[in-house]
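Asks: If you want this note's numbering, it's the position in the sequence shown, counting the first as 1, plus 652. There's a structure below that I have some questions on.
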Amino acid sequence: MRKLATMLFAATLSLSLAVGARAGELIGVSMPTQSLQRWNQDGANMKSQLEAAGYRVDLQYAGDNDIPTQVNQLENMISSGCRVLVIAAIDGTSLTKVLATAKENGIKVIAYDRLIMNSDAVSYYATFDNFKVGTTQGGFIRDKLDLDNAKGPFNIELFTGDPGDNNVNFFFGGALSILKPHLDSGKLVVPSGQTSQAQASTVNWNTEESQKRMENLISAIGYGPNGTKLNAVLSSNDSVANGVTNALAAAGYRKGNFPVLTGQDCDKPSMKNILAGTQSMSVFKDTRTLARQVVKMVDAIIKGRTVEINDTKTYDNGTGIIPSFLCDPVICTIDNYKALLIDSGYYTEADLR
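Rendered as structure tokens:
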């Protein structure tokens, strides 16, 4: 009996030590920049939730979207013994070589919110339904202008994000899937003629770049409250929308005559603009939700369990379909921001003053 008890104690101790060792594994989290609010929130949420689950975390930001810095940081994470890498890539095509090293070392890779392209080292993809983000933005413009019933024509300009961000394909494609029939019919018109994704792109999602482009369009087309009417601007995210807002406000647009303007991320400056009646909406992607899902994925990988996914058809990174988990984005306007952002604890009222 004593021998059996000793054996059971030893087995229990061995199991406890093994579980403890797994829980204390080092996880690398690579974020692209600290210059945008959302990546600070993503990184902080990921780190706190992984640490709460018992993991050690190496969280790194790659300067201000500096690709060599991100590659170097990933090399260091690999050499320091990270078991899983969670990566929001600056450029989805730039990590093939460094991730080949990760695969050689048996390190699993989760692409975070941006699909990493041309690498068979990517094990999973965790993101929001980015095509739905685009359809939400396009649908908002359609409904606000009543495109299904109104005579038109209505003038619109198109803004999206960085060409190296694969998500742009889904944001822009989703929005155009809603708006294109109205563009084809002539009910929607792009006076600048800049209708392609390349023409609408904004390097690094940069606010100053989108502001410059909008200023150029204002000068070239003559947009203004007393000039050529601008009914809507499709903007794929908030940092781009902020640049558009700055340019339009400088041209004399105010609450009451501002074009319909979309966004994404519910960043504080954009939420303040929504409350001020300039930006019309933003798509809320709760980073706490995505972080929780990634922590569950990491935990399953480390403990050898089945990783939860809900999409096995959509995301091909050039080496095959990447098993993915898609979280749902939610529309945010002045009508529902309190319930969505304040009551949920995402922001306080003071944050948006």
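Backbone N, C-alpha and C fix where the C-beta goes; we use that ideal spot for every residue, glycine too.
What is the residue span of the beta strand (DSSP E) that residue 740 lies within?
Replies: Segment: none, residue 740 is in no beta strand (DSSP E) and carries neither H nor E.
Asks: Would you report the Cα separation of residue 892 and residue 928, rounded to the nearest angstrom?
Replies: 18 Å
Asks: Do the region 896–914 and the region 876–888 meet, that is, are 3 or more Cβ pairs less than 8 Å apart?
Replies: yes
Asks: Is the beta carbon of residue 783 less than 9 Å from the beta carbon of residue 733?
Replies: No, Cβ-Cβ distance for residue 783 and residue 733 is not below 9 Å.
Asks: Rounded to whole angstroms, what is the Cα-Cα separation between residue 802 and residue 827?
Replies: Pairing residue 802 with residue 827, the inter-Cα distance amounts to about 19 Å.
Asks: Please report how far the alpha carbon of residue 789 lies from the alpha carbon of residue 800, in whole angstroms.
Replies: 16 Å
Asks: Whole-angstrom Cβ separation of residue 719 and residue 743, contact assumed at under 8 Å?
Replies: 6 Å
Asks: According to DSSP, is residue 894 part of a helix, a strand, or is it coil?
Replies: Assignment of residue 894 by DSSP, reduced to helix, strand and coil, places it in the helix class.
Asks: Taking buried to mean at least 16 other C-beta atoms within 10 Å of its own C-beta, is residue 919 buried or exposed?
Replies: buried
Asks: Starting from the C-beta of residue 874, find all residues in its chain whose C-beta is less than 8 Å away, skip the five residues before and the five after it, and write them out in chain order.
Replies: Answer for residue 874: 880, listed in chain order.
Asks: Let me know the secondary structure DSSP gives residue 876 once reduced to three states.
Replies: coil
Asks: Do you know offhand how far residue 895's Cα is from residue 871's?
Replies: Pairing residue 895 with residue 871, the inter-Cα distance amounts to about 15 Å.
Asks: Would a C-beta distance cut-off of 9 Å place residue 899 and residue 933 closer than the cut-off?
Replies: No, the Cβ-Cβ distance between residue 899 and residue 933 is not below 9 Å.
Asks: So what does DSSP say about residue 769, is it helix, strand or coil?
Replies: coil
Asks: Identify the residues that DSSP records as bridge partners of residue 650: which are they?
Replies: There is no way to answer for residue 650, as the model of the chain reaches only from 653 to 1005.
Asks: For a quick check, are the C-beta atoms of residue 702 and residue 947 less than 9 Å apart?
Replies: yes
Asks: Measuring only the C-alpha atoms, how far is residue 937 from residue 994?
Replies: 14 Å
Asks: From the DSSP output, which residues share a beta bridge with residue 913?
Replies: 885
Asks: Are residue 854 and residue 813 closer than 9 Å when you measure CB to CB?
Replies: yes
Asks: Threshold first: 4 residues or longer. Then list the alpha helix (DSSP H) segments lying entirely within the region 771–853, N to C.
Replies: 782–797, 819–837 and 849–852
Asks: Would you please state the rounded distance, in angstroms, between the beta carbons of residue 951 and residue 705? I believe it to be under 8 Å.
Replies: 6 Å
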